[in-house]
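Number of protein chains: 2
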Amino acid sequence: MNHFNSIDRLSLNQITTEKWSLKEAVDGCLRADVPWMALWRHKISEIGLRESKNIIKGSGIKISSVCRGGMFPATTAKLRQVAIDDNKRAVDEAAELGAEVLVLVCGPSAGKDISEGRKMVEEGIEELVPYAEERGIKLGIEPLHPMYAAERSVIVSLSEAVTLSEKFQAKQVGVVVDVFHVWWDHDLYNQINRAKGRILGFHISDWIVPTPDMLMGRGMMGDGVIELRRIRQAVEKAGYGGPIEVEIFNQKIWDTPGDEVLALMKERYLEHV
Amino acid sequence: MNHFNSIDRLSLNQITTEKWSLKEAVDGCLRADVPWMALWRHKISEIGLRESKNIIKGSGIKISSVCRGGMFPATTAKLRQVAIDDNKRAVDEAAELGAEVLVLVCGPSAGKDISEGRKMVEEGIEELVPYAEERGIKLGIEPLHPMYAAERSVIVSLSEAVTLSEKFQAKQVGVVVDVFHVWWDHDLYNQINRAKGRILGFHISDWIVPTPDMLMGRGMMGDGVIELRRIRQAVEKAGYGGPIEVEIFNQKIWDTPGDEVLALMKERYLEHV
């Protein structure tokens, strides 16, 4: 069968309802029967880790991932260590909250040499892996869209994310496929296939035309040009059957009441994904 | 030697001085001793092909390329033919104006299936090749930045542009390397090397941070993060020694008097390229 008839894999990535606190988002998911959530660290820190854990634990909501670790490149060894320390705290939070995956947004280059930035990312992950392994947390490298190469991540294609992940054990480091970041790639389906056994997450939204903004221009599924179902099926063929996160940066959606966003998200998920 | 000490390969891509007419741009280049220009078709059509030719012919300015052909995908066979006919006119204009290269911006997909769009691009080029060959015009496939995949071009990486060009003879179809579109690619230097013998143009500008706008956010060389000299040297190593076009879409630069833009462009070219 092609389409879903259940939302049992649907996950609300918390950024989609940015105005909700963690508690509000959990309550919203419970009202809407959305079984999964992805948590953002700035939302966790608003109320603290212990309180966050209490809210999650009693709710029955499952945690698909924590966003985000990464941001490895820095100009000095000291600053790179600061980044590693922060990543270790992110691993701790993921473990405490019962997530299996910490999503890595790897960070921009510290200088003009982008290959140097890529080297620092690899070194950062290398340093983080043993710590994450001890705590049962997998690291999911999320390649961002190339338009974020200068400001957010030097890892901007699935190809390089898979190659980078292959330097580590598959049980420890994998990739996160976000349709918004990778849909344009002529080699996408080969690369998804190459990622077999290493896909740790699948994020959905849409690419709307015209694109209103580089950062805040993502759309709700079905409002854009991305072949969501085709990509979802490829990801499944590559062995991923886990939660599917809806992650949308869009001011209009952020300004819409959360319950309405969740209702629309469920409808579009069944129709387009 | 690493840097240039002459501007003998410098070309003004006319879009950089968008407010100038063709005549004004030619006069500006003559005043600034810029030996090359790349012409845009909307500027040619403002005064007509015959008048454009007269202006160019007497000036001594050499023409590095005409921008642009392409935009091949369309929903019906009839509309695809309209696109081919327009491309043939672009070839005619390039031939009349003494350009060797017509730059192809291949166009967005007509429907949601991006691979279908890519097929239409290939078919379009295939149909255009004999016509261009007869008139001595080479076709330069310019991969755009992936952020333009939905609105301007389904060809968004150097890798796929080279692969596409290889379906045709090297003397007839090649690629145009524009640093703004390809700088983020982790495989860039391999792909430039792969393009050996097929590079038909080299465009420069810069990627500024933060990026003010998706379309109008390009910067003057030296104002951003692109490793211009490194890429230029790679392109040369791959056999390209032709004109280097400065192509900048940026409202601030468009609002600056053309003579000032040319002076700055020359200075930055010698310093950063």
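Just so you know, the sequences run in chain order A and B.
Anchor point for the first sequence: position 263 equals 263 in the UniProt record's numbering, and the numbering is continuous, going up by one each time.
Anchor point for the second sequence: position 239 equals 239 in the UniProt record's numbering, and the numbering is continuous, going up by one each time.
A virtual CB, placed ideally from N, CA and C, is assigned to each residue, including glycine.
Examine chain B for any beta-carbon lying closer than 9 Å to the beta-carbon of A:His203, and answer yes or no. Counting from 1 along the first sequence, the entry for residue 203 of chain A is found at position 203. Not closer than 9 Å to any Cβ of chain B, the Cβ of A:His203 fails to qualify, so no.
Which one or two residues does DSSP pair with A:Ala38 in a beta bridge? As a first step, residue 38 of chain A must be located in the first sequence, where it is residue number 38. In the DSSP output, where bridge partners are listed per residue, A:Ala38 has A:Asn13, A:Ser65.
Determine, using beta carbons only, whether B:Pro243 and B:Lys62 come nearer to each other than 9 Å. Residue 243 of chain B sits at position 243 when you count from the first residue of the second sequence. Residue 62 of chain B sits at position 62 when you count from the first residue of the second sequence. Yes, these two residues count as a Cβ contact at 9 Å.
Among B:Leu264, B:Ser165, B:Asp187, which one has its Cα closest to the Cα of B:Ser205? To locate residue 205 of chain B, count along the second sequence from 1; it is residue 205. The option with the nearest alpha carbon to B:Ser205 is B:Leu264.
A:Lys112 CB to nearest chain B CB: under 9 Å? Along the first sequence, read from residue 1 onward, the residue named residue 112 of chain A stands at position 112. Using a Cβ-Cβ cut-off of 9 Å, A:Lys112 counts as an interface residue toward chain B, since at least one Cβ of chain B sits closer than that to its own.
Give the secondary structure of A:His181 by DSSP, where H, G and I count as helix, E and B as strand, and everything else as coil. Mapped onto the first sequence, residue 181 of chain A falls at position 181. When DSSP states are grouped into helix, strand and coil, A:His181 belongs to the helix group.
So, using beta-carbon positions, are A:Val273 and A:Phe4 closer together than 9 Å? Looking up residue 273 of chain A in the first sequence gives position 273. Looking up residue 4 of chain A in the first sequence gives position 4. Yes.
The region 249–268 of chain A in contact with the region 10–20 of chain B per 3-pair CB rule at 8 Å: Under the Cβ criterion (8 Å, minimum of three pairs), the region 249–268 of chain A does not count as touching the region 10–20 of chain B.
Between the region 142–157 of chain A and the region 72–89 of chain B, are three or more C-beta pairs nearer than 8 Å? Judged by Cβ distances under 8 Å, the region 142–157 of chain A makes no contact with the region 72–89 of chain B, as fewer than three pairs qualify.
Distance, B:Ile231 Cα to B:Asp223 Cα: Within the second sequence, numbered from 1, the residue matching residue 223 of chain B stands at position 223. Within the second sequence, numbered from 1, the residue matching residue 231 of chain B stands at position 231. Rounded to the nearest angstrom, the gap between the Cα atoms of B:Asp223 and B:Ile231 is 16 Å.
Assuming A:Phe97 contacts A:Ile56 under a Cβ cut-off of 8 Å, what Cβ separation, rounded to an integer in Å, is found between them? Position 97 of the first sequence, counted from the first residue, corresponds to residue 97 of chain A. Position 56 of the first sequence, counted from the first residue, corresponds to residue 56 of chain A. Checking the displayed sequence, the identity of residue 97 of chain A turns out to be Leu instead of Phe. The pair is a contact, with the Cβ atoms about 6 Å apart (cut-off 8 Å).
Go to A:Lys138, then tell me how far its alpha helix (DSSP H) extends in each direction, as first and last residue. Your numbering for residue 138 of chain A matches position 138 in the first sequence. A:Lys138: not part of any alpha helix (DSSP H); member of the beta strand (DSSP E) spanning 138–141, first to last residue.
Using 8 Å for Cβ pairs, my map puts A:Arg194 next to A:Gly174. What's the rounded Cβ distance? Here residue 194 of chain A refers to the residue found at position 194 of the first sequence. Here residue 174 of chain A refers to the residue found at position 174 of the first sequence. In this structure A:Arg194 is not in contact with A:Gly174, their Cβ atoms being roughly 12 Å apart against a cut-off of 8 Å.
Does A:Ala74 get closer than 9 Å to chain B when you measure Cβ to Cβ? Within the first sequence, the letter at position 74 stands for residue 74 of chain A. Taking CB atoms only, A:Ala74 has no neighbour in chain B less than 9 Å away.
Quick check on DSSP: helix, strand or coil for B:Trp207? Working through the second sequence from its first residue, we reach residue 207 of chain B at position 207. Assigned with DSSP and collapsed to three states, B:Trp207 falls in strand.
What's the C-alpha gap between A:Ser6 and B:Val179? As a working note, residue 6 of chain A is residue 6 in the first sequence. As a working note, residue 179 of chain B is residue 179 in the second sequence. Looking at the two C-alpha atoms, the distance is approximately 46 Å.
Within 9 Å (strictly less), CB to CB, does A:Asp187 reach chain B? Here residue 187 of chain A refers to the residue found at position 187 when the first sequence is read from its first residue. Closer than 9 Å: yes.
Going straight from the alpha carbon of A:Lys43 to that of B:Ala99, what length do you get? Position 43 of the first sequence, counted from the first residue, corresponds to residue 43 of chain A. Position 99 of the second sequence, counted from the first residue, corresponds to residue 99 of chain B. Looking at the two C-alpha atoms, the distance is approximately 58 Å.
Option in B:Phe202, B:Gly201, B:Met216 with minimal Cα separation from residue 285 of chain B: Here chain B comprises residues numbered 1 to 273, so residue 285 of chain B is not present and cannot be evaluated.
Can you tell which of A:Met71, A:Met221, A:Ser115 has its C-alpha closest to the C-alpha of A:Val103? On the first sequence, residue 103 of chain A is found 103 positions in, with the first residue counted as 1. Nearest to A:Val103 by alpha-carbon distance, out of A:Met71, A:Met221, A:Ser115, is A:Met71.
Please give the ranges of any alpha helix (DSSP H) in the region 58–128 of chain A, keeping only runs that are unbroken, at least 4 residues long and fully inside the region. Runs of the alpha helix (DSSP H) inside the region 58–128 of chain A: 77–96.
Would you mind working out which of B:Met214, B:Ser165, B:Pro210 sits nearest B:Gln191, comparing C-alpha positions? Counting from 1 along the second sequence, the entry for residue 191 of chain B is found at position 191. The shortest Cα separation from B:Gln191 among B:Met214, B:Ser165, B:Pro210 belongs to B:Ser165.
Pick from B:Met37, B:Gly28, B:Tyr189, B:Leu270 that is closest to B:Ala238, judged by C-alpha positions: Locating residue 238 of chain B in the second sequence gives position 238, where the first residue counts as 1. The option with the nearest alpha carbon to B:Ala238 is B:Tyr189.
Could you check the C-alpha separation between A:Ile226 and A:Leu12 for me, to the nearest Å? Residue 226 of chain A sits at position 226 when you count from the first residue of the first sequence. Residue 12 of chain A sits at position 12 when you count from the first residue of the first sequence. Linking A:Ile226 to A:Leu12 through their CA atoms gives a straight-line distance of about 19 Å.
Excluding five sequence neighbours on each side, which residues of the same chain lie with their C-beta closer than 6 Å to the C-beta of B:His203? Within the second sequence, the letter at position 203 stands for residue 203 of chain B. Hits under 6 Å: Asp178, Glu245, Glu247.
Starting from the beta carbon of residue 277 of chain A, find every residue of chain B whose beta carbon is closer than 9 Å, and list them in chain order. Only positions 1 to 273 of chain A appear in the structure, and residue 277 of chain A is not among them; the question remains open.
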